[in-house]
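These notes concern the structure reproduced below.
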Amino acid sequence: MSTGESGISTEAQASTGAEAQVKAASKRSESILDKMLGLLSSVRFGIIMLSILLICCVIGMLIMQVEVEGFQEYYQSLTPAQRLIYGKLSFFEIYHSWYFNLLLAVTGLNIILASIDRFPTAWQYIVKPKLKASPNFIRAQMFSQEIEVAKAPKEMADQVREGWRKRGFRARVNEENNRITVFAQRNTWNRLGAYVVHVALLTIFIGGFLTSRYGVGGMMEIRPGRTSNAFTTFEMAVDGQKQGQALLPFEVECTDLQQKLIRPEGFLEANNTIDWLSYVKVKDQGHEEAALVHLNYPFDYRGYRFFQSQFTPIGNARSITVEFAPATGGQGQVVTIHRDGSVDVPGIGNVAYVGFYPDFKITEAGPRTVAAEYNNPVAQLEVTGTDGTRRTAFAFNARLGDELLSKPDAAVDKQTGENMLLVGGKKAILRDFEKVALAHTLAVQYDPGRIPVYIGFTLLVVALCLVFFFSHQRVWAVIEPSGSGSKAYFGGNTNRNRPAFEGRFNSLVEAVIGGRNRE
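Residue numbers (this note's numbering): 236 to 754.
Written out as C-alpha cells, the structure is:
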C-alpha cells in the first residue's frame, strides 16, 4: 500500500472513530435527558413535590408570618435559637421565600410534563373508541360472560342495543366478517378529569406566585376627616419586624367611625365591642365611591381589600348631646351635634362640635386629655355668634361645670378673658355622648393571586368530585353465528370503582338475556 493510501485509510478510521464517539456521547446525553424528563413527569415525583409544598404551608400556618398582626410579640416570645433558625430558613415569610417559589415552579413543570406525556393516551379513548372486538379481547376484560342464544346475530345485536339503551348506554353497532360488535360507553369525559385537576392545580400555583411576587399587605390607621393613600407594611429584619410604607393608587378618606358596644356604660375594649364600623370614601382620579368596612364585611377596590383589624382604645365621641341652661338655673335648650357637624341654637348662634377629651385637664399648654378612659369627658365647641364672632367653648359634665362655676377664675380663657363654660350667658352641659374609638386600623391587602386561587380551588373541588364519584365505563358484545343461533361474548371494564361497575355490568347482561346465563 502506498503512503497516500495509508494516509487516507488513517483519516477514514479517525473520522469513523470520531463519529462513533459523537454518537456515543449523543446517546449518553439523550439518555440523561430522557431520565430527567422521565423523573420530572413521573406521578411519584409530583406527589413528593406536592407533599413538600403541603409541609411548607403547614409551617406557614404554625409559625406566625411577619405581616400578621401581633408578630412582634410572637417574635419576642421565641428563644434566641428559634429566632435564628426560623429566620435563616425564612419561616417567618415562607410564602415569599425563594425555595417556596422554586417548589411551585418545579411542581407546575411536573404537572405540565405529566399531562403532555399521558394526555394523548387518554384522548384516544374519546376520539378513537374500540368499536370492533374479538372473543379473545372480550375474555381479557375486567368482567366477561359468554352465552348462546337461538336468535340470529343481527336480531341479537338489536336486542343488545335496545337493552343497553334502557340502562343509559348509547350503543354503536359494527359488523365485519360475520361478526357483530356492539360497543357502548358512558362518562367518557371522566378520562379527562385528571387533567382538569392539573389545570386547577396550575391555576392555584399561578395565583400563589402572583401573590408571592406582587402581593403586599399592611395596616392603615384612619380618623374622621383625614385622607391618605399610604399604609404601613411589615418586613423581616434581624431584630424582628421592620416597618415600611406602601402607597395606594388612590386616596381613602375617613368620613365617620362607629362603635357598637355590648354595655354602653363600659369601656372601649374588644370584649365589650359587638362591631366597629368605618365609613370611608375612595377618591380615584375624579371618581368617588363611598364604602362601609366592618367586622367580617371587607371592602374591595381595584384589587385591594380593606378589612377591620383593630381600634385605638382612646375614648372619643361620635355625637354629643349638649344642654344650654341658664347659669342661674331653669329649663335649658338641648341639642345633639354629630362629629364635625353644627347646629343653630336660638339666642346663641351656630355651635359646632370640633373636639372631645375623655379625661379633660387644663394645663399650661392648654386643654388636654390625661387618660384614654372616660373619667372626665368634655366636648370642645366652636361658637359663631349672631354677630359673626367666633370663640371656643367647652361642654362639661354637670358636676365639673358646677364646680368650675363656683370658681370664677378657673374657667376663664387667659387669652380672651372669656368664661369657657358660659355661652351667651348660658352654661354648656354635656348630657350624653355616643362612645367611639379615636381611630380605627384597617388591614390592607393587595393580593393579585386571590381570584386565580379561588377559581383554582373551586375547579379542583368540582374536578375531584367528578373524578372520584364517576367513572368511564365501557362494555362490548361480540356476536358470532353458532349453529342455528348465535353466540354472544359480553365484556366490560372501568377506570375506577370496580365493585360498582360489576353490578352494573351484570345488570346490562341480564337486560339482554332476561336473567338467563347459558353458555
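Each residue gets a CB set at the ideal place from its N, CA and C atoms; glycine is no exception.
Here residue 532 is exposed, its C-beta having fewer than 16 other C-beta atoms within 10 Å. Around the beta carbon of residue 377, a 10 Å sphere encloses fewer than 16 other beta carbons of the protein chains shown; the residue is thus reported as exposed.
Counting only runs of 3 or more residues that sit fully inside the region 581 to 613, the beta strand (DSSP E) segments are 584 to 592, 595 to 598, 601 to 604, in chain order. Two segments are said to touch when three or more pairs of C-beta atoms, one from each, lie closer than 8 Å; by this definition the region 665 to 673 touches the region 552 to 562.
Approximately 6 Å separates the beta-carbon atoms of residue 416 and residue 711; this is inside 8 Å, confirming the contact. Here residue 335 carries a helix assignment [DSSP, helix/strand/coil]. Secondary structure at residue 736: helix, using DSSP grouped into helix, strand and coil.
For residue 716, the uninterrupted beta strand (DSSP E) segment begins and ends at 708 to 717.
At the C-beta level, residue 670 and residue 559 stay beyond 8 Å of one another. With a cutoff of 8 Å on beta-carbon distance, residue 606 and residue 503 are scored as not near each other. The residue from 288, 273, 659, 540 with its alpha-carbon nearest to that of residue 330 is 288. Looking at the DSSP output, residue 561 sits in a beta bridge with 661. Residue 495 and residue 501 have their C-alpha atoms spaced approximately 11 Å apart.
With a cutoff of 8 Å on beta-carbon distance, residue 746 and residue 384 are scored as not near each other.
By DSSP's assignment, residue 545 forms a beta bridge with 676.
Your pair residue 619 and residue 584 checks out as a contact, with CB atoms roughly 5 Å apart and the cut at 8 Å. Just so you know, the alpha carbons of residue 379 and residue 268 end up roughly 43 Å apart. By the neighbour-count criterion, in which a residue is buried when 16 or more other Cβ atoms sit within 10 angstroms of its Cβ, residue 708 is buried.
Secondary structure of residue 729 (DSSP, three-state): strand. For a cut-off of 8 Å, the C-beta gap from residue 419 to residue 405 is around 6 Å, short enough to register as a contact. Here residue 478 is exposed: its Cβ has fewer than 16 other Cβ atoms, across all protein chains shown, within 10 Å. Under the 10 Å beta carbon count, residue 273 is surrounded by fewer than 16 other beta carbons and is classified as exposed.
Just measuring C-alpha positions, the residue of 587, 624, 613 sitting nearest residue 597 is 613.
The region 320 to 337 makes no contact with the region 422 to 437: fewer than 3 CB pairs, one atom from each, lie closer than 8 Å.
Straight-line spacing of the CA atoms in residue 586 and residue 468 works out to 41 Å.
Look at the beta carbons and you see the region 439 to 453 touching the region 672 to 692: at least three pairs across the two are nearer than 8 Å. Taking one beta carbon from each stretch, the region 506 to 514 and the region 689 to 703 have fewer than 3 pairs nearer than 8 Å; the two do not touch.
Residue pairing by DSSP places residue 468 opposite 453, 479 in a beta bridge. When the beta-carbon positions are compared, residue 459 and residue 492 come within less than 8 Å of each other.
Counting other Cβ atoms within 10 Å of its Cβ, residue 698 reaches 16 or more and is therefore classed as buried.
If you look at residue 399, you'll find it in the alpha helix (DSSP H) that goes 388 to 401. Residue 715 places its beta carbon 8 Å or farther from that of residue 706. DSSP places residue 418 inside the beta strand (DSSP E), whose first and last residues are 414 to 421.
The continuous alpha helix (DSSP H) containing residue 320 extends over residues 315 to 323. Rounded to the nearest angstrom, the gap between the Cα atoms of residue 548 and residue 529 is 17 Å. When the beta-carbon positions are compared, residue 414 and residue 713 come within less than 8 Å of each other.
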